[in-house]
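Just so we're aligned, residue 517 is where the sequence shown starts under our numbering, counting upward by one.
Report on the following structure.
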Amino acid sequence: MHLNANILVIEPESYVREAITDVLGSAGYTIFETATSAEARRVLHEEEIDLMLTDVGLTNSAGLEMLNYVQQGRFGLDVIVLTSYTDIDNVRRIIDSGAYDLIAKPVHAYDLLLSVKRAMEKRRLMLRNKELQSNMEKKIKEKMLSLRLHTQEKQQLLISTIRSLVSTLEAKDKYTEGHSRRVADDVMNMAEAVGLNAGEVEELHLAGLFHDIGKIGISEMVLNKKGQLLAEEYELIKKHPLISQKIIEQVPQFKRLSRIVRAHHESFDGAGYPDGIKGEEIPLGARIMAVCDAFDAMTSDRSYRQALDPERAMNIVERNAGSQFDPELVKLFLKVKGFKN
Ligand SMILES: [Fe+2]
517 MHLNANILVI
527 EPESYVREAI
537 TDVLGSAGYT
547 IFETATSAEA
557 RRVLHEEEID
567 LMLTDVGLTN
577 SAGLEMLNYV
587 QQGRFGLDVI
597 VLTSYTDIDN
607 VRRIIDSGAY
617 DLIAKPVHAY
627 DLLLSVKRAM
637 EKRRLMLRNK
647 ELQSNMEKKI
657 KEKMLSLRLH
667 TQEKQQLLIS
677 TIRSLVSTLE
687 AKDKYTEGHS
697 RRVADDVMNM
707 AEAVGLNAGE
717 VEELHLAGLF
727 HDIGKIGISE
737 MVLNKKGQLL
747 AEEYELIKKH
757 PLISQKIIEQ
767 VPQFKRLSRI
777 VRAHHESFDG
787 AGYPDGIKGE
797 EIPLGARIMA
807 VCDAFDAMTS
817 DRSYRQALDP
827 ERAMNIVERN
837 AGSQFDPELV
847 KLFLKVKGFK
857 N
């Protein structure tokens, strides 16, 4: 994205428009100001706009119509609404329409700059993430196209491509170094203890190795961030199971494995992501992985905290049996890890 973000300001009152343009212009943004929706639509089609600010009145619905227009036209833009009417009904109407933020009029420079800065940071992350994902998908597609091999050889080559992606991820996300391998070992031991057959055990071992591969599509800045993540950064992190699935299902034989990987952050009580499924709706392999993944994450150093000792981590796992984790699998995990006979 260009450094000087382009912001479209739609505001009927010329003195308000000028004040906003002054504040944002002196902060380095390029402003396209308009008084009417018709003019705004023309600008949206002619310029590369990064953010839209629009006035929303009480009876005049032009601002909300513009918000709808931007969303339905898939411009991929966030919209900040400026309004003088901050009663609960109007605020709800604006938020329900999908506005990113709402600023009460009269507009204070500080509120305006803060809101715009946050929206632009979100956009920057979103664009960077999109770029990383499409580069990665391109790489995998190129690899597949370049392969004119026997199916089995092709599969082996794809597995080694995914393995090398795991190494790339571990180099990029220093706090997960060795994480995939340790989870894969725990998952495999659990699969054997559950009584799965050799093919299923091997499938789960690979699922363990590849489960976080989708993090390769997330920027290093977010992965290695010290301190709390912003809501939008957390939303990006939450995409990694879907990206993992997308990569893994490129191998036709890995369809089932890819579904396990997709579900490794689902929670037994339905509070997980990406699908919010619960109980036995979650594939067994994913329920196993959820326990092993959480235990290893807690017992290794992360950018935001030091490793917990194993007893303490195991207590936390036990406390979450029935809510986050399948309680039967927690019992088994205690045995597999040698905490109980
Ligand atoms: Fe994960």
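We treat Cβ as the ideally placed atom computed from N, Cα and C, and that holds for glycine.
Since we're looking at a predicted model, the values are computed, not measured.
Which residues bound the beta strand (DSSP E) around residue i?
{"i": "alanine 823", "result": "That residue, alanine 823, is in no beta strand (DSSP E); it is neither H nor E in DSSP."}
{"i": "aspartate 594", "result": "594-599"}
{"i": "leucine 524", "result": "522-526"}
Tell me whether residue i counts as near ligand 1, meaning its Cβ is closer than 7 Å to at least one heavy atom of that ligand.
{"i": "aspartate 809", "result": "yes"}
{"i": "aspartate 689", "result": "no"}
{"i": "histidine 695", "result": "no"}
{"i": "aspartate 728", "result": "yes"}
{"i": "proline 757", "result": "yes"}
{"i": "histidine 781", "result": "yes"}
If I follow the unbroken alpha helix (DSSP H) through residue i, where does it start and stop?
{"i": "aspartate 571", "result": "That residue, aspartate 571, is in no alpha helix (DSSP H); its beta strand (DSSP E) goes 567-571."}
{"i": "glutamine 769", "result": "It is not in any alpha helix (DSSP H) - glutamine 769 carries neither H nor E in the DSSP assignment."}
{"i": "glutamate 751", "result": "747-753"}
{"i": "arginine 590", "result": "Unbroken run through arginine 590: none, as it is neither H nor E."}
{"i": "glutamate 708", "result": "695-710"}
Which residue or residues does DSSP assign as beta-bridge partners of residue i?
{"i": "valine 738", "result": "According to DSSP, valine 738 bridges with nothing at all."}
{"i": "alanine 556", "result": "Bridge partners of alanine 556: none, in fact."}
{"i": "leucine 618", "result": "Val597"}
{"i": "glutamate 549", "result": "Val525"}
{"i": "alanine 723", "result": "Its beta-bridge partners do not exist; DSSP assigns none."}
{"i": "alanine 837", "result": "Phe841"}
Kindly say whether residue i, judged by its beta-carbon, lies nearer than 8 Å to any beta-carbon of chain C.
{"i": "lysine 742", "result": "Looking at the structure shown, chain C is missing, and only one protein chain is on hand."}
Suppose you measure from the CA of residue i to the CA of residue j; what does that come to, to the nearest Å?
{"i": "alanine 556", "j": "glycine 541", "result": "18 Å"}
{"i": "glycine 795", "j": "glutamine 840", "result": "10 Å"}
{"i": "leucine 685", "j": "glycine 730", "result": "9 Å"}
{"i": "arginine 698", "j": "arginine 590", "result": "42 Å"}
{"i": "alanine 521", "j": "leucine 641", "result": "14 Å"}
{"i": "lysine 847", "j": "threonine 546", "result": "59 Å"}
{"i": "aspartate 817", "j": "arginine 644", "result": "26 Å"}
{"i": "lysine 621", "j": "glutamate 564", "result": "27 Å"}
{"i": "aspartate 869", "j": "methionine 582", "result": "Residue coverage of the chain in this structure runs from 517 to 857, which leaves residue 869 outside it and unanswerable."}
{"i": "glutamate 669", "j": "glutamine 769", "result": "13 Å"}
{"i": "glutamate 529", "j": "alanine 551", "result": "7 Å"}
{"i": "histidine 756", "j": "phenylalanine 548", "result": "36 Å"}
{"i": "serine 631", "j": "glutamine 671", "result": "48 Å"}
{"i": "phenylalanine 811", "j": "glutamate 736", "result": "23 Å"}
{"i": "histidine 518", "j": "arginine 558", "result": "Because histidine 518 carries a pLDDT of 43, less than 50, the predicted location of this residue cannot be relied on, and the following value inherits that uncertainty. Cα to Cα, the separation comes out at about 21 Å."}
{"i": "glutamate 708", "j": "valine 717", "result": "6 Å"}
{"i": "serine 696", "j": "proline 790", "result": "20 Å"}
{"i": "serine 600", "j": "methionine 830", "result": "53 Å"}
Closer than 7 Å to a non-hydrogen atom of ligand 2 - does that hold for the CB of residue i?
{"i": "aspartate 605", "result": "Ligand 2 is absent from the structure shown, which contains only ligand 1."}
Touching or not, the region 605-615 and the region 532-545, by the rule of three or more beta carbon pairs under 8 Å? Contact fails: fewer than three Cβ-Cβ distances are below 8 Å.
Between the region 823-839 and the region 715-734, do three or more beta carbon pairs fall short of 8 Å? Verdict: no, contact absent.
Okay, do the region 738-750 and the region 763-776 touch, 3+ Cβ pairs below 8 Å being the bar? No, the region 738-750 does not touch the region 763-776.
Can you find at least 3 beta carbon pairs, one from the region 800-815 and one from the region 775-784, that sit closer than 8 Å? These segments touch.
Touch check for the region 557-572 and the region 523-530: three-plus C-beta pairs under 8 Å? When Cβ pairs closer than 8 Å are counted between the two stretches, the region 557-572 is seen to touch the region 523-530, the count reaching three or more.
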